[in-house]
Amino acid sequence: MTTGLKIGIGALTSTGVIGGTAGVSYLLSQPKNLKEDLEKEGVKFLDTESDTDKTSWTTLAKEHAKSPTTNNIAKISTITINASDTDPHPGIAQLKAECKKFFKKTKEETDYEASKKHAKNWCSKDSPLLTPTKPGT
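Under our numbering, the first residue of the sequence shown is numbered 2, with each subsequent residue one higher.
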């Protein structure tokens, strides 16, 4: 084999390895599920494992029990939350369970976009349902 041929083969092999590495790096950096996707957008989620965000969860459970909700935000159709003065609100467990399901969704699932919207509205610290409305709005 000539030196030129060896250099050419070496260059092609190196290019393939570099390209393959770049491709793998790209795939590994992509969000694997809805939660990772939204976190990449800067969405901060309520804690689904503890009582850390109890006040926010209570507000959301009470909102879900309303008809219609503030700002007419769509309710999660797979759960029914009734008005309650019990502490903790029984709807909190239902919301947390649904949020955990939303977080696991992948882009391949047909209800991904709807789940993404629900996760922003019902599972995040930035939910419009948690933002106090200003007078005149």
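Don't be surprised by glycine CBs; every beta carbon is placed ideally from N, CA and C.
Check	Outcome
So residue 121 and residue 44 are in contact, right, with Cβ under 8 Å, and what is the actual spacing, rounded?	6 Å
Measure from the alpha carbon of residue 77 to the alpha carbon of each residue in 95, 52, 38, then state which is nearest.	95
Mind reading off the beta-carbon distance from residue 35 to residue 106? Whole number of angstroms is fine, and I expect it under 8 Å.	4 Å
Between which two residues does the alpha helix (DSSP H) carrying residue 104 extend?	92-105
Taking only the alpha-carbon atoms, compute the straight-line gap between residue 53 and residue 128 and give it to the nearest angstrom.	16 Å
Among all the DSSP beta bridges, which residues are the ones paired with residue 125?	46
Is there contact here, the stretch 107-126 with the stretch 46-60, by at least three beta-carbon pairs under 8 Å?	yes
Any idea if residue 116 is buried or exposed, counting beta-carbon neighbours within 10 angstroms, 16 or more meaning buried?	buried
Can you tell me whether residue 99 is buried or exposed? The criterion is at least 16 other CB atoms within 10 Å of its CB, across all chains shown.	buried
Buried or exposed: where does residue 64 fall if 16 or more other Cβ atoms within 10 Å of its Cβ makes it buried?	buried
Restricting to Cα atoms, I'd like to know which of 42, 49, 131 is closest to residue 93.	49
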